[in-house]
Amino acid sequence: MRGLLPDITGCKSLYPTIALQQLLSEHVTGEIMQRIVSHPLRAHVDRSEMTLGESYLTKSAEWMAHFGLIASESSLAVDEFVARLVWECRDDPSKALGIFWILKTLRQEFRHRAGDDIGLQLALFNMLLRVVGREKYHPSEAHGDALAPLRGHEKAWAKVSVLLELYQAKLDELGANAPQELRLRVALAEPLDGFVFYTLVENQIPLGLGTLQRDRIKRRLRRVGDRLRLMHNLLMHSKRFDELETIVRKCFRRVKWILMDSEV
1 MRGLLPDITG CKSLYPTIAL QQLLSEHVTG EIMQRIVSHP LRAHVDRSEM
51 TLGESYLTKS AEWMAHFGLI ASESSLAVDE FVARLVWECR DDPSKALGIF
101 WILKTLRQEF RHRAGDDIGL QLALFNMLLR VVGREKYHPS EAHGDALAPL
151 RGHEKAWAKV SVLLELYQAK LDELGANAPQ ELRLRVALAE PLDGFVFYTL
201 VENQIPLGLG TLQRDRIKRR LRRVGDRLRL MHNLLMHSKR FDELETIVRK
251 CFRRVKWILM DSEV
């Protein structure tokens, strides 16, 4: 069976936030980390020598320090559960850093707000989708308008705009050393597709979609829901960000029920 496999692919074993792993687990030593970064799957499949493991780990630590997650090689600069959230979202580092970058603003906007208010749930989605659901708006393919500020929450939209500009500036400071995985999927000047937000407002996937379009919007909703799941399960343990627990849980359930209803 082994001889019949033409190729093996998997999740990338090297990712920009990998330096957080050792700081989040007492069982992961420097030796183990070095072993992890020194033998990536792609190099093993290609039977090529990998000699840049140590430098990649060093770069990862530098990147995390640059974005304010690591204070030193042995300590975090942020809440442990915030760092854990960033690391758990390692399959898409730009989303991970994006959530981290706007997390304080989310807390300021929703810390004393009841999660049962649907308007507030939509306001949180309106902010979160600018980092988690960044898809370019194509007028010819759109089923709704481009993502725009929610009425009554224009100030929150403006705050996120400023934060995203700061994030981009921070990334540009790295120059050629900036990893591609941390770059925003869609440039700041480009309009974002608002179909996911439209679906969340309507509380259902629009009827009459083709199979391909329906599957695509469901995949996008699942990705948003998965980030909300991680945010809830980790931040609820944080002494600072546990105030977001209720509204994040309500937002997750909104996505969950839309997807469940779509299977009926």
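In terms of the numbering used here, the sequence shown is numbered consecutively and its last residue is 264.
Even glycine gets a Cβ: it sits at the ideal position worked out from N, Cα and C.
Since this is a predicted model, take the numbers as computed values, not measurements.
With 16 other Cβ atoms within 10 Å as the buried cut-off, status of residue i
i    : result
I70  : buried
L244 : buried
S74  : exposed
M64  : buried
H112 : exposed
R134 : buried
T17  : buried
H232 : buried
A158 : exposed
E109 : buried
I32  : exposed
A83  : buried
L235 : buried
V28  : exposed
L228 : buried
L85  : buried
Closest by C-alpha distance to residue i, when choosing among the options
i    : options                   : result
L129 : G152, A96, D117 and Q108  : A96
T199 : H143, H153, H27 and S74   : H143
L188 : G98, C251 and D116        : G98
L174 : E62, E26 and A19          : E62
V131 : A65, V162, E263 and N203  : V162
R222 : S60, R253 and A19         : R253
Q204 : V255, P93, A65 and M231   : V255
D215 : E263, R90 and E80         : E263
A114 : D261, R249 and V201       : R249
A146 : V196, R84, D117 and Q168  : V196
A148 : E202, N126 and S25        : N126
I118 : S60, E202 and V186        : E202
R219 : R240, N233, M231 and I258 : I258
R90  : F81, K12, Y167 and F67    : K12
V160 : L235, L212, F100 and V82  : F100
S25  : L76, T211 and F67         : L76
L164 : C251, A19 and F67         : F67
D242 : F81, C251, A176 and L166  : F81
T58  : Q213, D261, A169 and A19  : A19
D92  : P206, A176, H237 and D226 : D226
Integer-rounded CB distance, given that residue j should sit under 8 Å from residue i
i    : j    : result
Q22  : G30  : 7 Å
Y56  : L124 : Not confirmed; about 35 Å, so no contact.
A178 : L171 : 5 Å
S60  : E181 : Not quite, the Cβ-Cβ distance comes to about 11 Å (not below 8 Å), so this is no contact.
L230 : E88  : 5 Å
D79  : R240 : 6 Å
Any non-hydrogen atom of the ligand ATP closer than 6 Å to residue i Cβ
i    : result
D242 : The ligand ATP is absent from the structure shown, which contains no ligands of any kind.
Chain C within 7 Å of residue i, Cβ atoms only
i   : result
S72 : The question asks about chain C, but that chain is absent: this structure has only one protein chain.
Can you find at least 3 beta carbon pairs, one from the region 186 to 193 and one from the region 99 to 117, that sit closer than 8 Å?
no
Taking contact to mean at least 3 C-beta pairs separated by less than 8 Å, is the region 130 to 149 in contact with the region 20 to 38?
no
Please give me, in chain order, every unbroken run of the beta strand (DSSP E) with length at least 3 that falls completely inside the region 33 to 120.
70 to 72
With a floor of 3 residues, list each beta strand (DSSP E) that falls wholly inside the region 200 to 258, ordered by position along the chain.
none
Which runs of the alpha helix (DSSP H) spanning at least 4 residues fall entirely within the region 139 to 194, listed in chain order?
154 to 173
For the region 106 to 123 against the region 146 to 157, are there 3 or more C-beta pairs whose distance is under 8 Å?
yes
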